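Residue 65 in full-length UniProt numbering is what sits at position 65 of the sequence shown, and the numbering runs on without skipping anything.
We treat Cβ as the ideally placed atom computed from N, Cα and C, and that holds for glycine.
Since the model is a prediction, treat every value here as computed from it, not as a measurement.
Heads up: the structure comes next, in structure tokens.
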Amino acid sequence: RYGGEEFVLLLPDTSPQEARVLLDRARLAVAGTALHAGSSAVSVTFSAGITEARQGDTIDLLLSRADEALYRAKDNGRDRVEVWAPAQ
């Protein structure tokens, strides 16, 4: 857990495309699960931002890029996965 509602996953030896497939599968599994609170059912979704580590990147830079991708996912309608790319 990185923040109140934020989590960080480290996926060594995984390309951004492979990470996207993994997170899209998880996103669909979560979206297909209703949580029950008393007599109410609550739908749960999540958005994710992905970045790839490069030689010399700092943890702060990686988190910043992943955060940019996450907010792009939220701005584009939520319940989606976005990969960070330079010059967004």
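Check your understanding: Just curious, the beta strand (DSSP E) that residue 43 is in, first and last residue?
Key -> Counted as a single uninterrupted DSSP element, the beta strand (DSSP E) harbouring residue 43 occupies residues 40-43.
Problem set entry | Check whether residue 45 and residue 78 have beta carbons under 8 Å apart | One thing to note: residue 45 has its Cβ within 8 Å of the Cβ of residue 78.
If you follow the beta strand (DSSP E) that residue 52 is in, where does it begin and where does it stop? Here residue 52 belongs to no beta strand (DSSP E), and DSSP marks it neither H nor E.
- Message: Please report the straight-line C-alpha distance between residue 74 and residue 68, rounded to a whole angstrom.
- Response: When only Cα atoms are considered, residue 74 and residue 68 end up about 10 Å apart.
- Query: With 16 as the cutoff for other CB atoms within 10 Å, does residue 28 come out buried or exposed?
  - Reply: With fewer than 16 other Cβ atoms from the protein chains shown falling within 10 Å of its own Cβ, residue 28 counts as exposed.
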